[in-house]
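The opening residue of the sequence shown carries number 765 in the numbering used here; numbering runs sequentially from there.
From the three backbone atoms N, C-alpha and C, an ideal C-beta is built for every residue, glycine too.
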Amino acid sequence: MSTVTLAAHAIAKAALPGVPVSSIVSNDTARFVRVSRIGGARERLLDRARILVEVYGSTNKGAPDVGWSENAAYTLADAFQHASNGGPWAGLWVSDWEPNSLSDYPNPDYLKHSRFQFTGTLFVIRS
Numbered sequence: 765m766s767t768v769t770l771a772a773h774a775i776a777k778a779a780l781p782g783v784p785v786s787s788i789v790s791n792d793t794a795r796f797v798r799v800s801r802i803g804g805a806r807e808r809l810l811d812r813a814r815i816l817v818e819v820y821g822s823t824n825k826g827a828p829d830v831g832w833s834e835n836a837a838y839t840l841a842d843a844f845q846h847a848s849n850g851g852p853w854a855g856l857w858v859s860d861w862e863p864n865s866l867s868d869y870p871n872p873d874y875l876k877h878s879r880f881q882f883t884g885t886l887f888v889i890r891s
């Protein structure tokens, strides 16, 4: 059985091949993406999931990599915008994406990483 979170992970993995994507923050790798569901209505035929995407980037020397994080966030935002043109994503079909603004939002627990994040509503057809 698939979930909207797994569909969102699949979209992110396709957009940034080789970059770890999960729902858990990891301080082990220089670059990673955290994708999680933070709310949204689940109706009979349509799941309107509110999704948070966080992009973490660090240089090989352990310094925040603002350029990579910001560009990767743009790539992911575009991927979510165009997800309804592809799929299925983890077995589910995306019908739309309503984006919110992108922001530079450092995480005080991960000082060696830059973090850019955005939210949006991912519309997924329930089967």
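Endpoints, the alpha helix (DSSP H) within which residue i is located
{"i": "G831", "result": "V830 to Q845"}
{"i": "L770", "result": "V768 to A779"}
Closest residue to residue i among the options (Cα-Cα distance)
{"i": "Y838", "options": "N871, A776 and P872", "result": "A776"}
{"i": "E862", "options": "A774, Y820, L770 and F882", "result": "F882"}
{"i": "F880", "options": "I889, F887, N864 and L886", "result": "N864"}
{"i": "P852", "options": "F887, S786 and D829", "result": "F887"}
{"i": "V797", "options": "D811, A836 and P828", "result": "A836"}
{"i": "W903", "options": "S891, P870, P828 and L875", "result": "A question about residue 903 goes unanswered here, because the residues of the chain that appear run from 765 up to 891."}
{"i": "L875", "options": "A813, F844, V789 and G804", "result": "V789"}
Residues that DSSP places opposite residue i in a beta bridge
{"i": "E818", "result": "R798 and Q881"}
{"i": "R812", "result": "F887"}
{"i": "D860", "result": "F887"}
{"i": "V785", "result": "V797"}
Separation of residue j from residue i, as counted between CA atoms
{"i": "L816", "j": "S800", "result": "5 Å"}
{"i": "A854", "j": "G821", "result": "26 Å"}
{"i": "A778", "j": "P784", "result": "11 Å"}
{"i": "S833", "j": "V819", "result": "6 Å"}
{"i": "V894", "j": "S878", "result": "Residue coverage of the chain in this structure runs from 765 to 891, which leaves residue 894 outside it and unanswerable."}
{"i": "A841", "j": "G884", "result": "9 Å"}
{"i": "S859", "j": "R812", "result": "10 Å"}
Environment of residue i [buried if 16+ CB atoms lie within 10 Å]
{"i": "G826", "result": "exposed"}
{"i": "H846", "result": "exposed"}
{"i": "S867", "result": "exposed"}
{"i": "D873", "result": "exposed"}
{"i": "R808", "result": "exposed"}
{"i": "R806", "result": "exposed"}
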